[in-house]
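The numbering of the sequence shown is the numbering used here, which starts it at 381 and goes up by one.
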Amino acid sequence: MFDLDRWQEIFQTLSKNKLRTALSGFTIAFAILLFTLLFGVGNGLKHTFEKQFASDAVNSVYIYGGRTTKPYKGMQSGRTIQYRNDDEKFINEKFEKEIQFFSPNIQRSMQVIYKGEQNRYTVRGVYPDYQPLESAVIQDGRFLTYLDIERRAKVVAIGRLVEKDLFGNLGGLGKNLNIEGISYKVVGVFNDPGGDNDERYIYAPFSTIQGMYKPNDELDYFGLTFNPEMNVDQALAFSNLLTTLLKEKHNVDPRDQGAIRVRNYAEGTRDVQSFMLVLNVIILFIGIGTLVAGIIGISNIMVYIVKERTKELGIRKALGATPKSIVGMIMLESIFVTALAGYSGLMIGVFTLRALGDTLEKYFILNPSVETYVVVGATVVLIIAGTIAGYIPAKRASRIKPIVALNDE
381 MFDLDRWQEI
391 FQTLSKNKLR
401 TALSGFTIAF
411 AILLFTLLFG
421 VGNGLKHTFE
431 KQFASDAVNS
441 VYIYGGRTTK
451 PYKGMQSGRT
461 IQYRNDDEKF
471 INEKFEKEIQ
481 FFSPNIQRSM
491 QVIYKGEQNR
501 YTVRGVYPDY
511 QPLESAVIQD
521 GRFLTYLDIE
531 RRAKVVAIGR
541 LVEKDLFGNL
551 GGLGKNLNIE
561 GISYKVVGVF
571 NDPGGDNDER
581 YIYAPFSTIQ
591 GMYKPNDELD
601 YFGLTFNPEM
611 NVDQALAFSN
621 LLTTLLKEKH
631 NVDPRDQGAI
641 RVRNYAEGTR
651 DVQSFMLVLN
661 VIILFIGIGT
671 LVAGIIGISN
681 IMVYIVKERT
691 KELGIRKALG
701 ATPKSIVGMI
711 MLESIFVTAL
721 AGYSGLMIGV
731 FTLRALGDTL
741 EKYFILNPSV
751 ETYVVVGATV
761 VLIIAGTIAG
771 YIPAKRASRI
781 KPIVALNDE
């Protein structure tokens with residue numbers, strides 16, 4: 381393997397046959413390059429769908445009220461379904477085992493001022509349980525607590541971009557914001573994987589916001605997460621039963637689709653998982669096809685190379701070369717060319733994906749990349765194929781008698 385004379389001989393052979401070497405190397409490099417790009421684009425599509433669901437927990441359920449579209453039990457259509465605090469108690473009593481986190485929500489657009497800076501932001505009155513629903517990650521301070529709810533404290537947790545807008549590089553933790561004429565202390569700053577929009581929210585205690593802006597215990601909607609041990613079918617059955625019971629409580633026709641609206645992320649997750657499974661199968665099929673094409677190309681080239689060198693091999697045998705040394709030389713040359721070209725194709729593919737970067741976002745391809753083990757595995761497969769492709773014709777050629785090889789045309 382590390383015989384210097386043999387390696388010198390291999391390099392001399394390659395340098396004397398530049399076109400042949402270039403063609404065989406190109407076939408291998410192109411196969412790995414195409415394989416890398418295909419998997420990179422496929423991963424980019426997966427990243428896009430993952431980002432769409434990053435703004436909320438994958439087991440989230442949101443319950444909204446609407447207007448009735450059908451008359452029911454003597455009541456006219458067009459009634460507005462208004463949720464109140466007793467709906468919160470009703471839901472938690474009926475589904476105690478199915479619910480993991482739960483929070484009512486009041487949402488308003490408000491003018492927020494800090495010294496000379498001001499802007500309008502969406503302020504949400506929530507429970508502490510709302511944090512995992514939105515996948516908000518605290519970077520400074522803390523989120524809301526149930527003690528804040530109990531005391532109706534005038535405190536807020538603000539998004540990273542709210543802090544940037546109003547405080548610049550000074551940081552907002554511990555400072556006071558003027559929200560619609562009322563002073564609130566900033567107790568936490570969060571970031572959110574959902575992106576810029578989700579980082580421009582302000583969260584305040586639910587009891588504080590409800591007491592100021594919602595008479596008669598009114599609220600806007602509910603957010604909850606279901607037990608993560610539930611599978612997709614169980615989660616969908618849970619949300620369907622929840623919808624049915626809320627319709628009964630609010631005297632809504634069971635066929636009315638507009639009055640009680642329940643958005644269950646489990647359904648979207650199932651659809652995405654199905655789509656990604658199909659996408660992975662397609663990419664895998666194309667990738668395997670690419671590798672098979674590369675293997676066929678290597679095999680054909682190696683057969684041609686060995687046939688072209690029949691006279692050379694005959695001379696070697698006439699000068700005393702053993703069949704084993706001839707086979708070893710051809711295989712080593714095959715492995716070297718395959719490994720070098722495969723690595724080159726891999727590097728070109730990886731750098732191409734990095735160069736494209738975010739430029740493919742408009743085509744719904746986010747951060748196209750490929751796992752190292754995937755392309756390394758594909759390269760190893762090609763190297764093994766190149767070894768086998770070199771061994772079979774080399775073994776056949778090593779059995780030819782020198783006189784026959786020398787007379788070969």
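Ideal placement from N, C-alpha and C gives every residue a C-beta, glycine not left out.
Taking all protein chains shown into account, do 16 or more other C-beta atoms lie within 10 angstroms of the C-beta of residue i, making it buried, or fewer, making it exposed?
i	result
S515	buried
T670	buried
Y526	exposed
M455	exposed
G458	exposed
I663	buried
I668	exposed
N549	exposed
L657	exposed
I562	exposed
S654	exposed
G505	buried
CB-CB under 6 Å to residue i, same chain, minus the five flanking residues each way: which ones, in chain order?
i	result
D520	L553 and V569
S619	V441, V642 and N644
I675	A765
N558	I493
A615	F606 and A646
I666	L418
E497	L546
Y463	G445 and L599
DSSP three-state label for residue i, please.
i	result
A698	helix
A584	strand
M610	coil
S445	As written in the sequence, residue 445 is Gly, which differs from the Ser given in the question. Here G445 sits in strand by DSSP.
G454	coil
V642	strand
F499	Note that residue 499 is Asn in the sequence shown, not Phe. Three-state result, N499: strand.
G575	coil
S654	helix
N747	coil
L553	coil
R345	Given that the chain is displayed from residue 381 to residue 789, the structure contains no residue 345 and the question cannot be resolved.
D636	coil
K627	helix
F665	helix
K534	coil
If you follow the alpha helix (DSSP H) that residue i is part of, which residue opens it and which one closes it?
i	result
E468	N465 to K474
F547	R540 to F547
L527	Y526 to R531
For chain C, check one thing: does any of its Cβ atoms lie closer than 8 Å to the Cβ of residue i?
i	result
I529	Within the model displayed, chain C is absent; a lone protein chain is all it includes.
Under DSSP, the beta strand (DSSP E) around residue i begins and ends at which residues?
i	result
T605	Y601 to F606
Q480	I479 to Y494
Can you list, in chain order, the residues of its chain with a C-beta nearer than 7 Å to that of residue i? Leave out the 5 residues immediately preceding and following it.
i	result
P748	G420, V421, N423, G424, L733, L736 and L740
L541	D576, E579 and R580
A721	G405, I408 and A409
S724	A409
Residues in the same chain with beta-carbon distance under 8 Å from residue i, minus the five sequence neighbours each way, listed in chain order, please.
i	result
I461	G445, G446, R447, T448, H630, V632, A639 and I640
Y452	N631, V632, D633 and D636
Return the bridge partner residues of residue i from the DSSP annotation.
i	result
F570	I518 and G539
I559	V492 and I562
V506	P585
E598	R464
S440	T605
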